[in-house]
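Q:
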Amino acid sequence: MSKMTKNKLNLTLPPGSVDVTASQQTTPTPSFKTPSGTEYVIGKNNLLGKAKNSIDALTETLEELEIDENARKRIKVFLSQKEKIGELNDDDLDKLGELGSGNGGVVMKVRHIPTQLIMARKLIHLEVKPAIKKQIIRELKVLHDCNFPHI
Numbered sequence: 003m004s005k006m007t008k009n010k011l012n013l014t015l016p017p018g019s020v021d022v023t024a025s026q027q028t029t030p031t032p033s034f035k036t037p038s039g040t041e042y043v044i045g046k047n048n049l050l051g052k053a054k055n056s057i058d059a060l061t062e063t064l065e066e067l068e069i070d071e072n073a074r075k076r077i078k079v080f081l082s083q084k085e086k087i088g089e090l091n092d093d094d095l096d097k098l099g100e101l102g103s104g105n106g107g108v109v110m111k112v113r114h115i116p117t118q119l120i121m122a123r124k125l126i127h128l129e130v131k132p133a134i135k136k137q138i139i140r141e142l143k144v145l146h147d148c149n150f151p152h153i
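The opening position of the sequence shown corresponds to residue 3 in the working numbering, with each subsequent residue numbered one higher.
#1: My output table needs one value for H114: the three-state DSSP class, helix, strand or coil.
#2: Under 7 Å between the Cβ atoms of K96 and R113?
#3: According to DSSP, is K131 part of a helix, a strand, or is it coil?
#4: Quick check on D70: does DSSP put it in helix, strand or coil?
#5: Does E65 come out as helix, strand or coil in the three-state DSSP assignment?
#6: How would you write the range of the beta strand (DSSP E) that E100 sits in, first residue to last?
#7: Per DSSP, what are the beta-bridge partners of G107 in this structure?
This is how it looks when you write it as structure tokens:
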């Protein structure tokens with residue numbers, strides 16, 4: 003009988019992405035400099051030193067990142083879609099089907115009715131065991147810190 007593993011692709015989290023207590027933390031807060039010389043500190047409830055919810059701040063940061071033109075265009079399309087959608091409301095989503103399910107919840111394929119944009123929506127079960135709850139919170143933190151056009 004083969005051993006079941008949840009991490010089939012052997013994915014790992016970068017250092018600092020998992021919560022550690024202050025006594026365990028020995029590494030400094032990561033930061034980087036853009037080509038223009040601006041230094042950004044990563045973490046601290048912000049996205050590269052700017053408010054997370056600000057589309058203008060994201061667009062400004064995008065201009066300073068060293069990425070190819072194709073990736074830049076994809077991110078700009080994503081940001082414009084995000085700006086059009088605004089705050090998501092359950093009444094604005096048309097459920098198209100289930101993409102998958104697990105211990106923490108169900109991922110549904112949905113269509114945003116006003117824009118006709120198709121996306122994935124994760125519905126999280128509220129009554130879960132403490133270990134599963136910790137896993138869900140850890141996953142939400144990782145997703146919250148992701149800055150990619152398809153997440």
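Here a beta-carbon is modelled for each residue, glycine too, at the ideal position from N, C-alpha and C.
A: Put simply:
#1: strand
#2: It should be noted that the sequence gives Asp, not Lys, for residue 96. For D96 and R113, yes; Cβs fall inside 7 Å.
#3: coil
#4: coil
#5: helix
#6: 95 to 103
#7: I126
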